[in-house]
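Engineer:
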Amino acid sequence: MLPTRLFSTQLSYEATNQLLLFSMSMAQSYEHLYNVVLHISVAIHMPVKLFAMFIMLKYTPAPMRYSSYFILNSLLWNFGANIITTFVHLYPLYPAECFRFDGVLNYVSFLDNEIFSHVMCLLLFCCLVNAVMAHTLVFAYRFFLFKFIKSMKPYRSFMVGLVYHGVTAFVTAILYYRWVVLKKEYPFRTEMPLDSRFLFCFKPEGLEKTMISFAAITVVVVAALLSLIFSLLLLWAIRKEEGKMEKKQLDTHKRILKILLIISTPPVFLAALPFIIAIYTVIEPHARFATYTFLVAFVILTNHGTLYAIVLILVLKSYREAARNVLFLFKTKLWKDQFVRQVQVVRTV
Numbered sequence: 001m002l003p004t005r006l007f008s009t010q011l012s013y014e015a016t017n018q019l020l021l022f023s024m025s026m027a028q029s030y031e032h033l034y035n036v037v038l039h040i041s042v043a044i045h046m047p048v049k050l051f052a053m054f055i056m057l058k059y060t061p062a063p064m065r066y067s068s069y070f071i072l073n074s075l076l077w078n079f080g081a082n083i084i085t086t087f088v089h090l091y092p093l094y095p096a097e098c099f100r101f102d103g104v105l106n107y108v109s110f111l112d113n114e115i116f117s118h119v120m121c122l123l124l125f126c127c128l129v130n131a132v133m134a135h136t137l138v139f140a141y142r143f144f145l146f147k148f149i150k151s152m153k154p155y156r157s158f159m160v161g162l163v164y165h166g167v168t169a170f171v172t173a174i175l176y177y178r179w180v181v182l183k184k185e186y187p188f189r190t191e192m193p194l195d196s197r198f199l200f201c202f203k204p205e206g207l208e209k210t211m212i213s214f215a216a217i218t219v220v221v222v223a224a225l226l227s228l229i230f231s232l233l234l235l236w237a238i239r240k241e242e243g244k245m246e247k248k249q250l251d252t253h254k255r256i257l258k259i260l261l262i263i264s265t266p267p268v269f270l271a272a273l274p275f276i277i278a279i280y281t282v283i284e285p286h287a288r289f290a291t292y293t294f295l296v297a298f299v300i301l302t303n304h305g306t307l308y309a310i311v312l313i314l315v316l317k318s319y320r321e322a323a324r325n326v327l328f329l330f331k332t333k334l335w336k337d338q339f340v341r342q343v344q345v346v347r348t349v
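For the sequence shown, position 111 (counting from the first letter as 1) is numbered 111 according to the UniProt record's numbering, and the numbering increases by one without interruption.
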């Protein structure tokens, strides 16, 4: 009887060990795929966004000149988040309320520091939150420009935007700081991974976690609602002015609002929803497939700006024509350079 029990215990131990090794192997393969996808994303979205910003700055039509600065503002915050994710990839270590930074900087050993990791994560979080908040400014500006055109001065709009984003970043930093916990003070030590490189943690429970989770979701929902409210207010204001203002001017405001609503589609479906899903996994790190859900949501969130930039170029005629002309000139120059090189090779021979 005893040998049978010992054999059964040993078999159970071996099975558990093999299952653990298989789980670790699967996790490593998903982590590798995640890093590869983010590296490929960088190679795509960086040039696309730089190209979109160049087109906006150089070819924006007069009626949308100042509105384009607010659109550019949201694109810049998104671009800032992309710059950070170029060097560091946020990887969750659920069920522990901890994360690890993979990516290029993972190979620089002297940067393996909790403070550095938290600073990078805070900067990333500030960029994401401000990118969400920036979309509200676009619609608010169009409404106030229509309603109070004489009071709308460029420097005032700039100062309002500066204070708006400054307060957002400050509140985000305060909430983030209160949520942080040092690795050595993490309460559930058994949940933490053995590999502590580039590891940083947050309080897994308590008021601080509830506050920042609720605040993050609230910001996204309120930003979407405010954008919708300002759009409806602008439509209502335009309708009230029908018969009093020139039809051409009213049509211009309607057309610009339509453009803004179209280009807001990618941020709503490919940024707001993945952001909320990612925050949900933070709230419920023990949920089934929480890690993989976060990875998918974060990849979509990181890449939504590329589609946003493409839609921005396609939806406005002046941008489309400018992009086509620039790409045509670039292609022509490449052909010309290639032809010159071939001629030089022939002459050399």
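Backbone N, C-alpha and C fix where the C-beta goes; we use that ideal spot for every residue, glycine too. Since the model is a prediction, treat every value here as computed from it, not as a measurement.
Please report the distance separating the alpha-carbon of residue 332 from that of residue 55.
Structural biologist: Position 332 of the sequence shown, counted from the start, is the residue given in the question as residue 332. Position 55 of the sequence shown, counted from the start, is the residue given in the question as residue 55. Whole-angstrom Cα-Cα distance: 19 Å.
Engineer: Measure the alpha-carbon distance for residue 355 versus residue 281 and round it to whole angstroms.
Structural biologist: Given a span of 1 to 349 for the chain in the structure shown, any question on residue 355 remains unanswerable.
Engineer: Enumerated in chain order, which unbroken segments of the alpha helix (DSSP H) with a length of 4 residues or greater are wholly contained in the segment 248-306?
Structural biologist: With a minimum length of 4 residues, the continuous alpha helix (DSSP H) runs that stay inside the segment 248-306 are 273-283.
Engineer: Using three-state DSSP, classify residue 94 as helix, strand or coil.
Structural biologist: The residue given as residue 94 occupies position 94 in the sequence shown. It is coil, neither helix nor strand.
Engineer: Could you pull the start and end residues of the beta strand (DSSP E) that residue 202 belongs to?
Structural biologist: Reading the sequence shown from its first residue, position 202 is the one you call residue 202. Element bounds for residue 202: 199-202.
Engineer: Roughly how many angstroms lie between the CA atoms of residue 24 and residue 74, to the nearest whole one?
Structural biologist: The sequence position of residue 24 within the sequence shown is 24, counting from 1. The sequence position of residue 74 within the sequence shown is 74, counting from 1. With a pLDDT of only 42 at residue 24, under 50, the local geometry of the prediction cannot be trusted, and no value is derived from it.
Engineer: If we ignore side chains and look at the alpha-carbon of each, how far apart do residue 41 and residue 304 end up?
Structural biologist: For the purposes of this step, residue 41 is taken as residue 41 along the sequence shown, with counting starting at 1. For the purposes of this step, residue 304 is taken as residue 304 along the sequence shown, with counting starting at 1. About 10 Å.
Engineer: Please classify residue 64: is it buried, with 16 or more other beta-carbons within 10 angstroms of its beta-carbon, or exposed?
Structural biologist: What you label residue 64 is simply residue 64 of the sequence shown in a count that begins at 1. Looking at its Cβ environment, which holds 16 or more other Cβ atoms inside 10 Å, residue 64 is buried.
Engineer: Under DSSP, the alpha helix (DSSP H) around residue 114 begins and ends at which residues?
Structural biologist: Numbered from 1 along the sequence shown, position 114 holds the residue referred to as residue 114. Unbroken alpha helix (DSSP H) run through residue 114: 114-147.
Engineer: So which of 90, 132, 222 has the shortest CA-CA distance to residue 119?
Structural biologist: The residue you call residue 119 lines up with position 119 of the sequence shown. It is 90 whose Cα lies nearest to the Cα of residue 119.
Engineer: DSSP beta-bridge partners for residue 101?
Structural biologist: Your numbering for residue 101 matches position 101 in the sequence shown. Partner(s): 90.
Engineer: Within 10 angstroms of the Cβ of residue 313, are there 16 or more other Cβ atoms? Answer buried if so, exposed if not.
Structural biologist: Looking up residue 313 in the sequence shown gives position 313. Classification of residue 313: buried, given that the 10 Å Cβ count is 16 or more.
Engineer: Could you compute how far the alpha carbon of residue 186 sits from the alpha carbon of residue 82?
Structural biologist: As a position in the sequence shown, residue 186 is number 186, starting the count at 1. As a position in the sequence shown, residue 82 is number 82, starting the count at 1. If I take the Cα positions, the gap works out to 30 Å.
Engineer: Go through its chain and collect everything with a Cβ distance to residue 86's Cβ below 7 Å, but skip five positions before and after it.
Structural biologist: Numbered from its first residue, the sequence shown carries residue 86 at position 86. For residue 86, where only same-chain residues beyond five positions count, the Cβ hits under 7 Å are 42.
Engineer: Using the Cα positions of residue 68 and residue 270, report the straight-line distance between them to the nearest angstrom.
Structural biologist: Looking up residue 68 in the sequence shown gives position 68. Looking up residue 270 in the sequence shown gives position 270. One C-alpha to the other measures close to 21 Å.
Engineer: Under a three-way DSSP split, which group does residue 180 fall into?
Structural biologist: Numbered from its first residue, the sequence shown carries residue 180 at position 180. DSSP places residue 180 in strand when its eight states are reduced to three.
Engineer: Can residue 266 and residue 296 be called in contact, C-beta distance under 7 Å?
Structural biologist: Indexing the sequence shown from 1 puts residue 266 at position 266. Indexing the sequence shown from 1 puts residue 296 at position 296. No, Cβ-Cβ distance for residue 266 and residue 296 is not below 7 Å.
Engineer: In the DSSP assignment, the alpha helix (DSSP H) including residue 207 goes from what residue to what residue?
Structural biologist: As a first step, residue 207 is located in the sequence shown; it is residue number 207 there, counting from the start. First-last of the alpha helix (DSSP H) with residue 207: 207-241.
Engineer: Taking contact to mean 3 or more Cβ pairs, one atom from each stretch, closer than 8 Å, check whether the segment 132-140 and the segment 43-54 are in contact.
Structural biologist: Result no; under three Cβ-Cβ pairs closer than 8 Å.
Engineer: Classify residue 220 as buried or exposed, calling it buried when 16 or more other Cβ atoms lie within 10 Å of its own Cβ.
Structural biologist: Residue 220 sits at position 220 when you count from the first residue of the sequence shown. Under this definition residue 220 is a buried residue.
Engineer: Closest by CA to residue 72, which one among 37, 34, 158, 216?
Structural biologist: As a first step, residue 72 is located in the sequence shown; it is residue number 72 there, counting from the start. Here the closest residue by C-alpha is 158.
Engineer: Let me know the secondary structure DSSP gives residue 152 once reduced to three states.
Structural biologist: In the sequence shown, residue 152 corresponds to position 152, counting from 1. Coil.
Engineer: I'd like to check one pair, residue 302 with residue 94: are the Cβ atoms closer than 7 Å?
Structural biologist: By one-based count along the sequence shown, residue 94 stands at place 94. By one-based count along the sequence shown, residue 302 stands at place 302. No.
Engineer: Taking buried to mean at least 16 other C-beta atoms within 10 Å of its own C-beta, is residue 6 buried or exposed?
Structural biologist: Counting from 1 along the sequence shown, the entry for residue 6 is found at position 6. Its pLDDT being 45, under 50, residue 6 is placed unreliably in this model, and the value from its coordinates should be taken loosely. Classification of residue 6: exposed, given that the 10 Å Cβ count is below 16.
Engineer: Taking the alpha-carbon of residue 213 as reference, which of 317, 178, 198 has the nearest alpha-carbon?
Structural biologist: By one-based count along the sequence shown, residue 213 stands at place 213. Checking every option, the nearest Cα to that of residue 213 belongs to 178.
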